[in-house]
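Enquirer:
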Amino acid sequence: MLLVPAVLGLAFLVLPLAGLLLRAPWGSLPERLQGPQILEALRLSVLTATLATAVSLLLGVPLAWLLARVPFP
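Okay, so the sequence shown: first residue is 1 according to the UniProt record's numbering, each after it adds one.
#1: Going by beta carbon distance, what residues of the same chain come within less than 8 angstroms of L22, once the five residues before and after it are set aside?
#2: Please list the terminal residues of the continuous alpha helix (DSSP H) segment that includes W26.
#3: Is any beta-carbon of chain D found at less than 8 angstroms from that of W65?
#4: Hey, how far is the Cα of P5 from the Cα of A11?
#5: To the nearest angstrom, how far is it from the Cα of V55 to the Cα of P30?
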């Protein structure tokens with residue numbers, strides 16, 4: 001019963017990614033990834049992901065403990 005929506009959702013996620021992977025210029029990819037703008041974008045992405053993980057851990061773990069231990073009316 002839920003197979004059709006699941007397949008449609010999976011196709012909605014996988015088909016664009018497959019299209020990008022098939023059209024990517026794999027031969028020139030290493031030199032394209034070494035530009036200064038690309039390296040700065042990668043550095044910013046890693047920094048943002050690290051900070052988001054740290055904030056989530058610092059706020060989420062104590063809040064989860066509080067919600068699990070304190071009885072609410």
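By construction, the Cβ of each residue, glycine as well, lies at the ideal position given by its N, Cα and C atoms.
Quantities reported herein were computed from a predicted structural model and do not represent experimental measurements.
Expert: Let me lay it out:
#1: Along the sequence shown, one-based indexing puts residue 22 at 22. If the five residues before and after L22 are omitted, its C-beta is found closer than 8 angstroms to no C-beta atom of its own chain.
#2: To locate residue 26, count along the sequence shown from 1; it is residue 26. Per DSSP, W26 lies in no alpha helix (DSSP H) segment and is marked neither H nor E.
#3: Absent from the structure: chain D. Only one protein chain is present.
#4: Indexing the sequence shown from 1 puts residue 5 at position 5. Indexing the sequence shown from 1 puts residue 11 at position 11. Across the structure, P5 and A11 are spaced so that their CA atoms are roughly 10 angstroms apart.
#5: Numbered from 1 along the sequence shown, position 55 holds the residue referred to as residue 55. Numbered from 1 along the sequence shown, position 30 holds the residue referred to as residue 30. Those two C-alpha atoms are separated by around 33 angstroms.
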